[in-house]
Structures are given as structure tokens and as C-alpha cells.
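Chains as they are written, first to last, in the working numbering: chain A, 876 to 1157; chain B, 876 to 1157.
The C-beta atom is built at its ideal place from N, Cα and C for all residues, glycine as well.
This structure is a prediction, so every number in the text was calculated from the model and none was measured.
The next block holds one structure in the form of C-alpha cells; read it before the comments.
Number of protein chains: 2
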Amino acid sequence: MTSSLSKYPTIGVFDSGFGGLTVLRALLHLIPQARYIYLGDTARLPYGSKSRETIARYAVSSAKFLHQQGAELLVIACNTATALALEDIQHALPIPVIGVVEPGAQAALAAPSSVPSNPEKRGVLVLATPATVQSHAYTHALNALGLSACEKACPLLVPLVEEGWIDHPVTDAVLKIYLTEALAAAPATQTLLLGCTHYPLIQPAIQRVLEALGHPLAIIDSADATARTTAALVSIHFPNLALTGEPTCTFYATDSIEKFQRLGSNFLGQPVTHVNLIDLGG
Amino acid sequence: MTSSLSKYPTIGVFDSGFGGLTVLRALLHLIPQARYIYLGDTARLPYGSKSRETIARYAVSSAKFLHQQGAELLVIACNTATALALEDIQHALPIPVIGVVEPGAQAALAAPSSVPSNPEKRGVLVLATPATVQSHAYTHALNALGLSACEKACPLLVPLVEEGWIDHPVTDAVLKIYLTEALAAAPATQTLLLGCTHYPLIQPAIQRVLEALGHPLAIIDSADATARTTAALVSIHFPNLALTGEPTCTFYATDSIEKFQRLGSNFLGQPVTHVNLIDLGG
């Protein structure tokens, strides 16, 4: 009876480092039956402060690696790689490729605070890395949905999260500076989109600083929205799926396995095991 | 008459990014007649948060590139690459290779505040990247000179300098945290060694925070000491040097030329021109 049902596909998930594990966490919740292979390109991180050409070269080689490992569908769980290299990756691979920008923009559209009657208030503030902001990928995606966008580069947030200063006065002070500048440029904003997969870890701090500034906003991250888009794509490309499957996660990193295991569990929300060291050149 | 005199050699100077330009600045001051080729491996920076194996691979490929471009003597103007890969680079190249750790330790020994009669006070506090601290290269070099060492990893200082927050309350707050922790571990310290070529740019902030903490220290950076060691090595390996020469600087970067020119001038203290983009793989 079960022979006509398909197995769940192997889903490749890629990020420059650990942030994409927040997307994998949402995927494991929504599609627990799939097999996952995750690559953190930790030897070449961060992507967010580098040029488009370099980011595209790194992202394409990482995506090709996951395809070679058997990925039948690829999730780019990295805003910078999505913003700068989604098309390059789609051209390079013969499998469906999903980024985080488009699902994030759609989540902003669906947010209750983004749909008041006053169109001027349909604006979204996007916090992201310098490279993502420079690409204006979020502005294009939000404008296409009838939303206006204000993008703010926040280069210190990734180092602060990686330092583990999640709930820390220095992080609050840095956020206060970035958010004050951003809100001065877009005072009517009612929605805040976290345009980097590191940022969900400091969402409580962002909420706290916004309240202290007297400007609470609905905060959206793209992890859940990306997982929902992925589930929809799985159901289209892999119909007649069996109701059960064996969930497995295999991890690859291009730098220290020990560090990946230690920091990664904060992002994944559970221990990170089975990490393999690989060399993508460089 | 001048035919018996040698030309000044071509000196290769290498860093993961821009910080090594503070060493090049000292070299230009001390040996203005040489030809310099500088490589900033900006596509793979930062080195300081990565593993020994990855740092050594990056550093050796960068050093080989400079040798291929004609370097007759190599200065590793990067504490992390020196601490983790000096021997690898020396084995890989047939030319003299100078790092910044040994000259920095010697400068600490020569500092007036490091030679009080009380031997317990002959301690040096070293601020550096996590990778440099983990290698304990400074502890080994300082101990060999009869000085004790306390090393403090400061992962946020490089991102703060690269954000341009040189004279900024957040940088002061971060320094206050790092220095308070370090001084609690080494209360008798009288000398502070800047164990990363980014840190000279925030030396005034470090001085200010130390004074506010009631613990002023003699601050030493290894740029001048490294330049002096290089000058000594030049006079040994290239005797009978002509008194004049044509100083030239050629720059190579593995990521954005525009960013290298823009940020680099802060470190070099003069405009950075003639930057060439190269691909070292990765």
C-alpha cells in the first residue's frame, strides 16, 4: 500500500555561518519527515561586509556542494546570499532554490500592522547587513507587494550575536543608535523585518529598545515564512508523500567543527551533532 | 661609482585586511627607499575568529602570492597570521619572513614601565583576537624574555574599528568591559601591548578608558618595532645599499577595491592608490 507514496526529499540548507540554523529550526518544525543537509561556510564568513562578486562566488560553490551531496531542493537560509546571489545559484543548479527575501517580504505584507487604511503607513523597516542593504533586494521585493521599504545597515549586530552578547547593555546601546537613525528616516513605520538570520536571537532586545524609544513595532523574521514556502514547494515537486519519514540532519562546516557545535546549538535550539569539516577551497 | 651599490629590495607586506597598513606606514617612514607590495586578503577576513588550519591555509597562499610578485623579504603584518602560521609560512618560502609577535614582545621588554625592580610587576597585558590568544604565541614570546603575560581576547574591537567607531561611546563601553576583566586577572600590569594591527586606531580610546579606570598603562604597538626589525634584516641580507631609491607601493586585495581604498587610507595615513583585485581561490 505504501509503495506508491514518495519518500520525503533531501533538503539542502545553506548559510555563511550559524544564522541559517534558525531557518532549519523552523523547517524541522514544519517538515519533520525530511532529510536535511546543512552547510555553514564558516571559513569564509561573514558575507555581509563583502562585495557582490565575492559573495556570489562563495554562495554558488556552497550551493553546488549541497547539490553534490544529494540535495533535491535548496533553501538559501542567508539574507546576504539570497539578496546578492539568488539568481546565480538558480542558474547554477537544476533543482528548486528558495531564498529568504521573498518569503520575508510576504510575511511583512501579512502582518496585521502593515495593512492599515492609510497607505503611507504601509512601510516596512528592514534591518540587514551592509551587503544586503546595498543590493536593495528587500526594497524591490516589498515594493512589488505595494509596501514601501526603509533599509538600515547594522554591521555590528552579527559580531555582537557571535560574541554571545544577546542580553547585554552594549547590544542595547548599539540597537538604540541604529533604531533611532532608522526611525528618523522612516517615522511612520509600523513593521520591522529582521533581514538577517542572526537577528532573531536578539529579537527581545530589539523589542525592549523599541519600547524604550516609544515606538513599538510588529517584528517579523523570515524563518517561519521561508519554512512555509518550502513546505508548499515540497508538496508541489514531491506529491504523494508518505505521512512518515525518518528525520535526519547532517551538518557540514568549512571551519572549526567544535565552534560550530558550540555556537550552533543556540541557533538551532537543540544540540548540533554529526558535523563534518569540508574544504571548499580558499 | 654607484654600480657596486645594491638596490633596495622588494618587501612584501601581508595582512588579512587593512590593519597591516599601520605596519606599512611605519616601514615607509623607516625604509622609504624600498619597493613595497601589500596584500590585504579582504575576501577571507577576519582571520581572528577562525581555526588554526584555516588561518594557516589562507596565510600561506597569501604569502606565496607576494613571493610570486617578486617579494624578496616578507613582513606578516597581522598578529593572527603570525601567531598561528609563522612557521608554516617560513617553511613554504625561500625568503626571510618577519612576524609582528617577536618584535612586539621585544618592544614590551624595552618599555620603561616594564623594568621596575619588582619582578612581579614585569607583566604585560596583551589585547588580541580570539585566535591569537588561543595560540598563546605572545605568552611564549614574552616568557622567553622573562616577562609574564596576560592575554585578553577582544573579538568586538575589529568590527568596531571597521565600522569607523574610533571615537565613540559604544567603543569606550566595550573597552571598559574588556579592560576591567583583564585588569582583574592581572592587577599588577604596567604595560599594555596592542596584539592586533587594528588596535592602534583606537589607542586614544584605550588610554582614555584606562585613565577613567584609574589604571594608566604604557601602551605599545608592534608596528614601529616590526619596522625596526625589518630594517635590521634588510641591512644584513642586502648590504651596500644605495642611499637613494624610488619608493613605490603596489596594493592587492581579494575583495572590493573601492572599500580597500576608502578604509585603507585611515590605516596608512595617506591615500591608498594602485589597488589591484586578485583571486586567491575560495
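| field | Between the CA atoms of L1022 (chain A) and H1090 (chain B) - distance to the nearest angstrom | value | Within the model, the alpha-carbon separation for H1090 (chain B) versus L1022 (chain A) is close to 54 Å.
| task | Could you tell me the boundaries of the alpha helix (DSSP H) in which R919 (chain A) lies? | result | R919 (chain A): not part of any alpha helix (DSSP H); DSSP gives it neither H nor E.
| field | Residue burial classification, D1096 (chain A) (beta-carbon count within 10 angstroms, cutoff 16) | value | Result: buried.
| In or out: R1137 (chain A) buried (at least 16 other Cβ within 10 Å) or exposed? | With fewer than 16 other Cβ atoms from the protein chains shown falling within 10 Å of its own Cβ, R1137 (chain A) counts as exposed.
| task | For T897 (chain B), return the contacting residues in chain A, with the cut-off set at a CB-CB distance below 9 Å. | result | Correct list: empty, because the minimum Cβ distance to chain A is about 20 Å.
| Is there contact between the segment 1041-1056 of chain A and the segment 1064-1084 of chain A, where contact requires at least three CB pairs shorter than 8 Å? | Contact holds: three or more Cβ-Cβ distances are below 8 Å.
| Which value, in whole angstroms, describes the spacing of the CA atoms of T1014 (chain B) and T957 (chain B)? | Between T1014 (chain B) and T957 (chain B), the C-alpha separation is close to 14 Å.
| message | What does DSSP give as the partner residue(s) for E962 (chain B) in the beta ladder? | response | Paired residues: none, contrary to the question.
| task | Identify every residue that forms a DSSP beta bridge with R910 (chain A). | result | Answer by DSSP bridge pairing, in chain order: A:T885 and A:T1123.
| field | As assigned by DSSP and simplified to three states, the class of S1023 (chain B) | value | When DSSP states are grouped into helix, strand and coil, S1023 (chain B) belongs to the strand group.
| query | Cβ of L1031 (chain B) less than 8 Å from any chain A Cβ? | reply | Yes, contact with chain A.
| message | Among the candidates A:T1148, A:G1139 and A:A1100, whose CA atom is the shortest distance from the CA of A983 (chain A)? | response | Of the candidates A:T1148, A:G1139 and A:A1100, the residue whose Cα lies closest to the Cα of A983 (chain A) is A:A1100.
| field | 6 Å Cβ shell around Q944 (chain B) - same chain, five flanking residues per side excluded | value | Here the set comprises I912.
| request: Reducing DSSP to helix, strand and coil, say where G979 (chain A) ends up. | output: Helix.
| request: Could you check what DSSP says for V1150 (chain B) in three-state terms: helix, strand or coil? | output: Assignment of V1150 (chain B) by DSSP, reduced to helix, strand and coil, places it in the strand class.
| In its own chain, which residues sit with a C-beta less than 6 Å from the C-beta of L1017 (chain A), not counting the 5 before and 5 after it? | Close CB contacts of L1017 (chain A) within its chain, under the 6 Å cut and outside five residues either way in sequence, are with A980, V999 and A1024 (chain order).
| task | Would you check if there are 3 or more beta carbon pairs closer than 8 Å linking the segment 892-903 of chain A to the segment 878-893 of chain B? | result | Taking a contact to require three or more Cβ pairs closer than 8 Å, the segment 892-903 of chain A and the segment 878-893 of chain B do not qualify as touching.
| From which residue to which residue does the beta strand (DSSP E) around T1066 (chain A) run? | Boundaries of the beta strand (DSSP E) harbouring T1066 (chain A): T1066 to L1069, taken from the DSSP string.
| query | Does A938 (chain B) come within less than 8 Å of chain A when only Cβ atoms are used? | reply | Using a Cβ-Cβ cut-off of 8 Å, A938 (chain B) does not count as an interface residue toward chain A, since no Cβ of chain A sits closer than that to its own.
| In three-state DSSP terms, what is D1168 (chain A)? | In this structure chain A extends from 876 to 1157, so residue 1168 (chain A) is not present and cannot be described.
| query | What does DSSP give as the partner residues of D1047 (chain B) in its beta bridges? | reply | Among the bridge pairs identified by DSSP, D1047 (chain B) is matched with none.
| field | Alpha-carbon to alpha-carbon, L1054 (chain A) and A1028 (chain A) | value | Each residue's Cα considered, the two are about 10 Å apart.
| field | A1117 (chain A) in three-state terms, based on DSSP | value | In the displayed model, A1117 (chain A) falls within coil according to three-state DSSP, outside both helix and strand.
| task | Compute the distance between the beta-carbons of I1153 (chain B) and F940 (chain B), then report whether it is under 8 Å. | result | The beta carbons of I1153 (chain B) and F940 (chain B) sit closer together than 8 Å.
| query | So, helix, strand or coil for G1139 (chain A), using DSSP? | reply | If DSSP states are grouped into helix, strand and coil, G1139 (chain A) belongs with the helices.
| field | Collapsed DSSP secondary structure at L946 (chain B) in the structure displayed | value | Looking at the sequence itself, residue 946 (chain B) is Ala, so the reference to Leu does not match. Coil, per DSSP.
| Given that a residue counts as buried once 16 or more other Cβ atoms are within 10 Å of its Cβ, and exposed if not, what is D1042 (chain B)? | By the 10 Å Cβ count, D1042 (chain B) comes out exposed.
| query | Where does L902 (chain A) sit, in a helix, a strand or coil, going by DSSP? | reply | Note: L902 (chain A) maps to helix in three-state DSSP.
| field | Residues that K1027 (chain A) contacts on chain B, provided the C-beta gap is smaller than 9 Å | value | Neighbours of K1027 (chain A) on chain B: none; closest Cβ ~14 Å, over 9 Å.
| query | Between B:H1073, B:E1038, B:L1035 and B:L1088, which lies nearest to A1059 (chain B) when the distance is taken from Cα to Cα? | reply | If we check each option's Cα against that of A1059 (chain B), B:L1088 comes out closest.
| task | Give me the Cα-Cα distance between T917 (chain A) and R927 (chain B), rounded to the nearest whole angstrom. | result | If I take the Cα positions, the gap works out to 13 Å.
| query | Going by the CB atoms, is the gap between L1031 (chain B) and E1038 (chain A) shorter than 8 Å? | reply | Yes, the Cβ-Cβ distance between E1038 (chain A) and L1031 (chain B) is below 8 Å.
| task | For the segment 911-929 of chain B, enumerate the residues whose C-beta is nearer than 7 Å to any C-beta of chain A, in chain order. | result | Going along the segment 911-929 of chain B in chain order, one finds A918, R919, K925, S926 and T929 with a Cβ nearer than 7 Å to chain A.
| request: On a CA-only basis, which of B:G1070, B:A938 and B:Q1078 is nearest A1003 (chain B)? Give me that one, please. | output: Closest in C-alpha terms to A1003 (chain B), from the list B:G1070, B:A938 and B:Q1078, comes B:G1070.
| said: Restricting to Cα atoms, I'd like to know which of A:A1106, A:T1119, A:G1139 and A:P1122 is closest to A1128 (chain A). | reply: Ranking the options by Cα distance to A1128 (chain A), first place goes to A:G1139.
| query | Under 8 Å between C-beta atoms, does E995 (chain B) make it to chain A? | reply | Low per-residue confidence applies at E995 (chain B): pLDDT is 49, beneath 50, and the placement is therefore not dependable, though the value from the model is reported in the following sentence. No, E995 (chain B) lies away from the interface with chain A (no Cβ there is under 8 Å from its Cβ).
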